[in-house]
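Working notes, beginning with the structure itself.
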Amino acid sequence: MFGTSKKAEALAADITDFKAVRGRSLWNDAMRRFLRNKAAMASVLVLGLIVLFVLFGPLFAVWSNEEIDWVVMGDVLALGAPSLESGHFFGADDLGRDLYSRTIQATRTSLLVGLIGAGMALIVGTAWGVIAGYFGGKLDSVMMRFVDILLAIPLTLILILILVIAGRSFVTLFVALGAVSWLTMSRIVRGQTLTLKTREFIEAARAGGVSETAIIFRHVLPNLIGVVIVYASLLVPEMILAESFISFLGLGISEPNTSLGRLIAEGAGTMAYGTLWQLAFPLFFYVTIIITMFFIGDGLRDALDPKDH
Amino acid sequence: MISYVIRRLLVAVPTIMLLVIAAFFMMHFAPGGPFTSERPLPPEVLANIEARYGLDQPLWKQLWDYFTNIFLHFDFGPSFRYKDRDVNDIIAQGFPISLTYGSLAFLAASIVGIALGIAAAIRHNTWLDYFAVSLGIAAQALPNFIMGPILILTFTLWLGLLPGGGWNGGQWEYLIMPVIALSTSYMGNIARITRSSMLEVMNSNFIRTARAKGLPERTIIWRHAMKPTLLPVVSYLGPVFVYVLTGSVFVDIYFSTGGLGQSYVSSALTRDYAVLLGITILYGALTVVVNLLTDLAYAWFDPKIRY
Amino acid sequence: MKHHAKLTLSTFLCSTLLAGTALAQDTHPATGEPLAEDQTFTYRVGDEHSSVDPQVVEDTIGAEIVRDLFEGLMNQDAQGKLIPGVATDYDVSDDTKTYTFHLRDNAKWSNGDPVTAGDFVFAWRRAASPELASPYQWYVKLMSLENASEIVAGEMPPEELGVTAIDDHTLEVRLSQPLSYFPQMTTHSTTFPAPQKVVEEFGEEWTKPENIVSNGAYVLTEHLPNERSVRERNEMYWDNDNTIIDKTVALVINDENVALTRFMAGELDRTEVPAGQFPRLKKEHPEEAISFPRLCNYYYTFNQSDTGPEAFKDVRVRQALSLAVDRKIITQNIKAGGEPEAYTFTPEAVAGFTPPQTEMSEMSQTERDAKAKELLAEAGYGPDNPLTFDMIYNTDESHEKIAVVLSQMWKQKLGVVPNLANMEWKVFLETRGNQDFDLARGAWCGDYNEASTFLDLLDSESGYNDGKYSNPRVDELLVEAKSASDTTPIYTEIEQILAEETPVIPIYHYAGVYMMDSDVGNWPVENVEQNWYSKDLYKIAE
Chain A
1 MFGTSKKAEA
11 LAADITDFKA
21 VRGRSLWNDA
31 MRRFLRNKAA
41 MASVLVLGLI
51 VLFVLFGPLF
61 AVWSNEEIDW
71 VVMGDVLALG
81 APSLESGHFF
91 GADDLGRDLY
101 SRTIQATRTS
111 LLVGLIGAGM
121 ALIVGTAWGV
131 IAGYFGGKLD
141 SVMMRFVDIL
151 LAIPLTLILI
161 LILVIAGRSF
171 VTLFVALGAV
181 SWLTMSRIVR
191 GQTLTLKTRE
201 FIEAARAGGV
211 SETAIIFRHV
221 LPNLIGVVIV
231 YASLLVPEMI
241 LAESFISFLG
251 LGISEPNTSL
261 GRLIAEGAGT
271 MAYGTLWQLA
281 FPLFFYVTII
291 ITMFFIGDGL
301 RDALDPKDH
Chain B
310 MISYVIRRLL
320 VAVPTIMLLV
330 IAAFFMMHFA
340 PGGPFTSERP
350 LPPEVLANIE
360 ARYGLDQPLW
370 KQLWDYFTNI
380 FLHFDFGPSF
390 RYKDRDVNDI
400 IAQGFPISLT
410 YGSLAFLAAS
420 IVGIALGIAA
430 AIRHNTWLDY
440 FAVSLGIAAQ
450 ALPNFIMGPI
460 LILTFTLWLG
470 LLPGGGWNGG
480 QWEYLIMPVI
490 ALSTSYMGNI
500 ARITRSSMLE
510 VMNSNFIRTA
520 RAKGLPERTI
530 IWRHAMKPTL
540 LPVVSYLGPV
550 FVYVLTGSVF
560 VDIYFSTGGL
570 GQSYVSSALT
580 RDYAVLLGIT
590 ILYGALTVVV
600 NLLTDLAYAW
610 FDPKIRY
Chain C
617 MKHHAKLTLS
627 TFLCSTLLAG
637 TALAQDTHPA
647 TGEPLAEDQT
657 FTYRVGDEHS
667 SVDPQVVEDT
677 IGAEIVRDLF
687 EGLMNQDAQG
697 KLIPGVATDY
707 DVSDDTKTYT
717 FHLRDNAKWS
727 NGDPVTAGDF
737 VFAWRRAASP
747 ELASPYQWYV
757 KLMSLENASE
767 IVAGEMPPEE
777 LGVTAIDDHT
787 LEVRLSQPLS
797 YFPQMTTHST
807 TFPAPQKVVE
817 EFGEEWTKPE
827 NIVSNGAYVL
837 TEHLPNERSV
847 RERNEMYWDN
857 DNTIIDKTVA
867 LVINDENVAL
877 TRFMAGELDR
887 TEVPAGQFPR
897 LKKEHPEEAI
907 SFPRLCNYYY
917 TFNQSDTGPE
927 AFKDVRVRQA
937 LSLAVDRKII
947 TQNIKAGGEP
957 EAYTFTPEAV
967 AGFTPPQTEM
977 SEMSQTERDA
987 KAKELLAEAG
997 YGPDNPLTFD
1007 MIYNTDESHE
1017 KIAVVLSQMW
1027 KQKLGVVPNL
1037 ANMEWKVFLE
1047 TRGNQDFDLA
1057 RGAWCGDYNE
1067 ASTFLDLLDS
1077 ESGYNDGKYS
1087 NPRVDELLVE
1097 AKSASDTTPI
1107 YTEIEQILAE
1117 ETPVIPIYHY
1127 AGVYMMDSDV
1137 GNWPVENVEQ
1147 NWYSKDLYKI
1157 AE
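Those sequence lines, one after another, are chains A, B and C.
If you count by our numbering, then the first sequence holds residues 1 to 309, one letter each, in order.
If you count by our numbering, then the second sequence holds residues 310 to 616, one letter each, in order.
If you count by our numbering, then the third sequence holds residues 617 to 1158, one letter each, in order.
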């Protein structure tokens, strides 16, 4: 699930080569390259449409995401199929709840999970990695040993324990996902910081009496943005996949809220009983989001790594 | 090189011990104990049970006893839930199963994935390339747990070709579905990584030089491009190998294979402390060894790296 | 007073007359149905069993296996009535405090050793001993054996337990209080004999297939944890000639939908029907989809302890919530497996229980809803002051569906705002047990076929009374019932009180809902405790 760490570290190393010397024009170049990448741009468009659907879809909903259609409930197979008349555009779930509203709500959850999970990794991982890498010495080895230990604990265990100890809520879910995702990020950032530290412009700043905090914020962090963004974009689909795995174990968020992983797990369970729409709609949104995120991540990487071009 | 390996393995022991201590305290911190049940036990019965398993001792003493038993007797403790078996039994029975279908899934994912990736790269921008790319992406984007019910419905109910689950000593017909279900998403990822790595290598200067020298394409691909292509793939394979062994809970649940993945999750949910710690140690050790092997393989693929 | 189990003689005659023919020809000796060549019964279990040690086993799945492997003093027949097991009959003293069981002389262990009274003494002492620390020590206390409590508490050695082998075939049991239903308790796995020699030779390893010696109709031949366990005919069993099933296989399949798929593919003879699928399956496979009442209830309990919400101390609020639950929707649309709607805590299927006629059971749902609104308004809750509370349940698809539907019923009908809290099992038990909730899911399966096994949960002193309901009259009646000759009116009165005070909301009573291959003969659908024995089943030729 989080297996791309080495790959990401390798690509991070590639990017650094030009980081320290990049100027405004390099950002513009990257932007131009990204805009030229057809697959990435199409993905941005599709993802944008999904976001719009999540934002404005509820306006067209006839049913709320938790309301039960008591008429449909008794015989979902016959009455719960997708239909414009009944107002269940995507059909009904096993309890007669509107799958259109539920899919929208689930998509929102999954997108948030992806963004916030990756965001937490970005903040914690960057902070941890910069501090360890920049100050070095004992502090560095203690901090990195800690990361190594956590990396050796199977992620399933950490996720289960956090969700068990802290109970279910959006916050716990984000914390749990954040807790497992920042580790690799911190290693990448540390490696980058170590390289940056030896660069002339940092040495110069230090010789010029600029404070350590100022160096970190003004010189180190801006030079890390590229690596961090690329890795974070790769983390988004991983977070969504991780959440679906948690949902499969029955440890996801609590009703009436739902996520795409949960809807898919439910739909896969009832697949044999003819209510295929319960699997099809959530799966469509899920797969679309994952695929677009892949292309966007690849696009960002290509854009920020000039070697290919 | 040998001293490097020994040093890495020696460092691993305290790391794994720290890992166990962390897991131990996390488990004890979770609400509910191993003997919390729907029918609350009378206090004197609970006291007897806790005395039998040493749970009445202070936590540091429990940890001390735990480590002593491991180092002196290689005894990883009892299972509180499955009273006919101890942790040694559970691991001895479950691990070979996880290892079997996990390694097969790993092999299948690597071989098919690499072959697909190379084929796509060599025939860049042809239908084969598009086919391989879409297959790879689709395989990776599907949540792997839905493979379970889909495969069983198709191969067991509709086609009647394969048994719907069980292990049966690992006979091939019982292995097919677990291996497919587990390998699909990794296969997709491996194909993607291989393809982009190969494309990069084929555009690099040294390959261009080789072409300019007039070497046949076949020689270029097999003799020169292969190693650098596989470098990023190998570094991805290491974590995958650990992961196919640890992440097989959905395979165990859907196909009743009896592997360790399910024991692991259920031991966490039922607070079966010793089982959880035992499997954690195993997975921790596995992670250390596989990481070491990955680094050694890396050195073989990339002569610039020396230990 | 001399009790002879009535069936002894006729069963014995039957078995001797038919023994020779049962195996020689391929028809069932009693029904004449043609028997299948392959007498293997394969069923699905949802989880790995805890143990096959009779004194240690604590789950239903394990108890089913143990009932096949070991045989206690008494067995149950297809209706749940008592029939002889290792004991042929028993005497009881006039004060019902001393029982003398007479053991058959042809009972053997699977290694050929005779089953003696000493094996029972060994097993019962073992069950009580703090050293083994069985979770079922509480059962030994429940049996009221002399000195049981002291032994469990470690104040007396196990040898002081009130059970003695007078000779090899006579077992004397002394109780600390009169118990008329003691013989019924000997059908429970905790009381089954254990082979002393084997237990002492192998220690904790004795239940492994390669070591185990048992006295039931079957022996354990294979155990692959989380995959399968296999038990095969015990040639040494005293009634082996009348056993038809040769082999019983329990397959562990966690996912019930996958289990149903595998049943459809012909890999299983029995599996549970997932909630809601019964009507469709009944239509498509009328012969195979079966449903019958069971001794379990499903309810939600109000927290009435000091930590509970103020609102639930008002009986009108409790009644309003109970009235607004349309049980028909839950039993027909969600479970849909023929479960009876519940208006009493005790299931109607319990022997000797007559549910009271309550106001609620006679109203229509529309009337109930109207009354509920009225009561809630009287209690001071309305649109400007909505009632809110948390309801907790444990992680499970079916529990979740019911919780969602309940919350929607209350929300839509009464305007109350319930918050759903889904908890993982152990956390749920801890939270509920510590009265850290407002409204909590509960379910209970009877230990025996008598109303007190349910109603004791609402005794103010009971350790299982998670809602801390307390009514002195109920406590009094429960004590009275222990020694009363006719308990029916007592239990009816308790249920009457419960209906008025509504400490719990009964939702439905369980049904056993199975897909059972039509070639399985004699499944005991009338045994409400579902104590089934493989030796009573047979497979019909197709």
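Where is the CB? At the ideal position from N, CA and C, for every residue including glycine.
- Chain-ordered listing is empty here: chain C has no CB closer than 9 Å to the CB of A:E243, the nearest sitting near 16 Å.
- For A:V230, no CB of chain B lies under 7 Å from its own CB, so it is not counted at the interface with that chain.
- For C:A1127 against C:E955, the beta-carbon gap comes to about 5 Å, under 8 Å, which counts as contact.
- In the DSSP assignment, no residue is bridged to C:R934.
- Listed by position along chain B, the residues whose Cβ is nearer than 7 Å to that of A:I291 are I446 and A450.
- Going by DSSP, C:A1059 is part of the beta strand (DSSP E) stretching over L1055 to C1061.
- Going by DSSP, A:A242 is part of the alpha helix (DSSP H) stretching over L221 to F248.
- Between the alpha carbons of C:E816 and C:I828 lies a gap of roughly 12 Å.
- Below the 7 Å Cβ cutoff, chain A contributes no neighbours of C:T676, its closest Cβ being approximately 21 Å away.
- Secondary structure note for C:E1109: its alpha helix (DSSP H) is the uninterrupted segment T1104 to E1117.
- With distances taken between CA atoms, C:T864 lies nearest to C:Y659 out of C:Y659, C:D1063, C:D693 and C:S805.
- Annotated three-state conformation of B:Y592 is helix, per DSSP.
- Unbroken alpha helix (DSSP H) runs of no fewer than 4 residues, entirely contained in the region 754 to 842 of chain C, are found at 764 to 768, 798 to 801 and 812 to 818, following chain order.
- When secondary structure is reduced to three states using DSSP, C:H1125 falls in the strand class.
- Using beta-carbon distances, B:L327 counts as an interface residue toward chain A, with a partner under 7 Å.
- The alpha-carbon of C:E900 is positioned some 39 Å away from that of B:S346.
- In the DSSP assignment, no residue is bridged to A:G129.
- Between the alpha carbons of C:T1108 and C:F879 lies a distance of about 42 Å.
- Note that the C-beta distance between C:T877 and B:L462 is below 7 Å.
- Residue contact check for A:I68 against chain C: a CB pair falls below 7 Å.
- Judged by DSSP secondary structure, C:V1141 falls outside any alpha helix (DSSP H); it is assigned neither H nor E.
- Under the criterion of beta carbons closer than 8 Å, C:M976 and C:A1115 qualify as touching, at roughly 7 Å.
- The shortest C-alpha to C-alpha distance from A:L122 to any of A:F281, A:S43 and A:S181 is the one to A:S181.
- Within chain A, T156 and L249 have C-beta atoms less than 8 Å from the C-beta of B:V558, given in sequence order.
- In this structure, the straight-line span from the alpha carbon of B:I431 to that of B:R527 is close to 10 Å.
- For B:A332, the closest of A:I162, A:A268 and A:E243 by C-alpha to C-alpha distance is A:I162.
- Listed along chain C, the residues sitting closer than 8 Å to B:G473 by beta-carbon distance are V874, T877, R878, A881 and E883.
- The CB of B:M335 comes closer than 7 Å to the CB of L161 in chain A, given here in chain order.
- The Cβ of B:I400 sits no closer than 7 Å to any Cβ of chain A.
- DSSP links C:G998 through a beta bridge to C:N1001.
- Taking one beta carbon from each stretch, the region 96 to 116 of chain A and the region 200 to 215 of chain A have fewer than 3 pairs nearer than 8 Å; the two do not touch.
- Neighbours of A:D94 across chain C, judged by C-beta separation under 8 Å: G892 and K1017.
- Excluding residues up to 5 positions away in sequence, D365 lie with their Cβ nearer than 8 Å to the Cβ of B:A356 in the same chain.
- For C:D1052, the three-state secondary structure derived from DSSP is coil.
- The three-state secondary structure of C:S1101, taken from DSSP, is coil.
- Excluding its 5 nearest sequence neighbours in each direction, A:Y273 has C-beta neighbours in its own chain below 8 Å: L77, listed in chain order.
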